[in-house]
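Let me begin by presenting the structure, written as structure tokens, before commenting on it.
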Amino acid sequence: DAWPRRVGSIDGLPATTRDAANRLWLRRRLNDLAATRPAAPGHPPGFSGPVLAPAGTAEQRAAQSLLDRLEAQDADPTRTVQPLFLLAVDTRGDGRAVVSIGDPDRAKHVAVSIPGTTTDLAAVPGQVNRWNNMQQEAMDNPGLTPSDVAVVVWFDYDAPDDYAQATADGMAEHAAADLARFVDGVRASHVGDPPHVTVLGHSYGSVVVGEAARLSDDTGAPRRFADVLKADDIVVTGSPGMHVPNADHLNITDGHLWVGLADADWMRYGGDPFEGDGPDIHGTDPHTPRFAGDRVHPIMFEVAPGWDAFWSDPTAPHSSYWDGAGDEPSPGAANQANIIIGRHENVTAAPPSALTPPGVVE
């Protein structure tokens, strides 16, 4: 029964093949979990009311939620959204899944999003909802058809469970080669002209992206180029660092590395807020000119909720790079959509001073 998941995880195979194999494995896994689920207990003495069967394990609930999300989009009668492709799945432990919104083998523009800390299999349907909206935002631009844009939620690594774990490098280091290989596979399986590929990392996901895109190892020795991430554009938001001292150490063309930071994101004060006098947890803070040089475009994120929400939930602004304010569209979402479709002239740039946290003197 392991072969469908093995076939489904081979980078470079057509998305339709991977999707069919992974859905087969997921359904089989759910059947196996259901077969081992405890039966409903008997009535306690003196109790005649209904007795509920156990709700199932966390693995079973997360796996079922993922399958339900896939099938809900399959059954959409309006066909206003693109089909979902399950490109990798493992329900064990915290779980893993890679889901593409739209066919990455035929889209002109393919975005690959890497989520960060606390992500697990149960969070993947929510990630799909978020990037489903982003895919629609991108394809709403004039001159594009719905099939021109595919957005992949790439959660194929062991993400940190909490912010203490997120200070460690190991999880990003272990994920980097898999991410680079996946993007190579996207290009290999593509039909027609090569796609424009954008890789987006949020929070700890940006650490994974940086580790994958770095040109040298910790000793300064060049990495084998076949193992390095090859993206046309890289976008990082709410980043604690990218494992490099500055952008020159990343495999990205000048002007195609984009850094976004919301005003109320507590990450604004993380990384290296003292410009060399404080700790570099994951390399130089990418929101500072010391990291950027002339290679980075700071992009505007006037994100809601802002400081009012910060005081009730400090994590809210850090997770709101795709949200607007009331009926107002999100500048952050529009910026990311324009980068994904290669319309850089429509990106709202932040002033260079936006790269420097308040109170920091350059």
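Read in order, the letters of the sequence shown correspond to residues 33 to 394 in the working numbering. All C-beta atoms, glycine included, are put in the ideal place defined by N, C-alpha and C.
(1) Is it buried or exposed, Arg256, if we count other Cβ atoms within 10 angstroms and call 16 or more buried?
(2) Cα-Cα, which of Val218, Ile371, Gly233 and Thr68 is closest to Glu91?
(3) Is Val181 near Ile371, with beta carbons less than 8 Å apart?
(4) At what residue ranges does the region 104 to 180 contain a whole run of the beta strand (DSSP E), taking only runs of 3 or more?
(5) What residue does the alpha helix (DSSP H) around Asp265 start on, and which one ends it?
(6) Is it buried or exposed for Pro174, if we count other Cβ within 10 angstroms and need 16 for buried?
(7) Here's the rule: buried if 16 or more other CB atoms are within 10 angstroms of the residue's CB, otherwise exposed. What is Asp122?
(8) Could you tell me which residues DSSP pairs with Val185 in its beta bridges?
(9) Classify Ile42 as helix, strand or coil using the three-state DSSP reduction.
(10) Relative to the C-alpha of Gly217, which residue among Ser238, Arg61, Arg55 and Gly44 is closest?
(11) Would the beta-carbon of His234 fall within 8 Å of that of Gly148?
(12) Count the other CB atoms within 10 Å of the CB of Gly252; is the residue buried (16 or more) or exposed (fewer)?
(13) Take Arg101 as the anchor and find which of Thr110, Phe117, Thr112 and Thr89 has the nearest alpha-carbon.
(14) My output table needs one value for Gly224: the three-state DSSP class, helix, strand or coil.
(15) Let me confirm a value: Gly310 is counted as buried when at least 16 other C-beta atoms fall within 10 Å, else exposed. Which label applies?
(16) Could you spell out the range, first to last residue, of the alpha helix (DSSP H) harbouring Leu56?
(17) State whether the region 243 to 251 contacts the region 159 to 169, with contact taken as three or more CB pairs (one from each stretch) at a distance under 8 Å.
(18) By how many angstroms is the C-alpha of Arg124 removed from the C-alpha of Leu153?
(19) Quick test of your reading: Ile133 and Val241, contact by CB under 8 Å. State the CB separation rounded to the nearest angstrom.
Based on what the coordinates show:
(1) For the purposes of this step, residue 256 is taken as the residue at position 224 of the sequence shown. Its Cβ having fewer than 16 others within 10 Å, Arg256 is exposed.
(2) Within the sequence shown, numbered from 1, the residue matching residue 91 stands at position 59. Nearest option by C-alpha distance: Thr68.
(3) Translated into the one-based positions of the sequence shown, residue 181 becomes position 149. Translated into the one-based positions of the sequence shown, residue 371 becomes position 339. Not in contact: Val181 and Ile371 (Cβ atoms no closer than 8 Å).
(4) 116 to 122, 128 to 133 and 141 to 146
(5) Taking the sequence shown and counting its residues from 1, one reaches residue 265 at position 233. Looking at the DSSP string, Asp265 is not in any alpha helix (DSSP H); the run it does join, the beta strand (DSSP E), is Asp265 to Thr269.
(6) Position 142 of the sequence shown holds residue 174. The residue is exposed, with fewer than 16 neighbouring Cβ atoms inside 10 Å.
(7) Here residue 122 refers to the residue found at position 90 when the sequence shown is read from its first residue. Result: buried.
(8) By 1-based counting over the sequence shown, the position of residue 185 is 153. Looking at the DSSP assignment, Val185 forms a beta bridge with Val131 and Ser145.
(9) On the sequence shown, position 10 is the one that residue 42 refers to. Note: Ile42 maps to coil in three-state DSSP.
(10) On the sequence shown, residue 217 is found 185 positions in, with the first residue counted as 1. For Gly217, the nearest C-alpha among the options comes from Gly44.
(11) By one-based count along the sequence shown, residue 234 stands at place 202. By one-based count along the sequence shown, residue 148 stands at place 116. In this structure, Gly148 lies closer than 8 Å to His234 by Cβ.
(12) In the sequence shown, residue 252 corresponds to position 220, counting from 1. Exposed.
(13) One-based indexing of the sequence shown puts residue 101 at position 69. With distances taken between Cα atoms, Arg101 lies closest to Phe117.
(14) Along the sequence shown, read from residue 1 onward, the residue named residue 224 stands at position 192. Gly224 falls in the coil class under three-state DSSP.
(15) The residue labelled residue 310 in the question sits at position 278 within the sequence shown. Below a pLDDT of 50, predicted positions are generally treated as unreliable, and Gly310, at 44, falls in that range; no measurement from the model is reported.
(16) Along the sequence shown, read from residue 1 onward, the residue named residue 56 stands at position 24. Start and end: Ala47 to Ala67.
(17) no
(18) Here residue 153 is taken as the residue at index 121 of the sequence shown, counted from 1. Here residue 124 is taken as the residue at index 92 of the sequence shown, counted from 1. If you take the alpha carbons of Leu153 and Arg124, they lie about 9 Å apart.
(19) Against the sequence shown, residue 133 aligns to sequence position 101. Against the sequence shown, residue 241 aligns to sequence position 209. Not a contact, Cβ separation roughly 19 Å.
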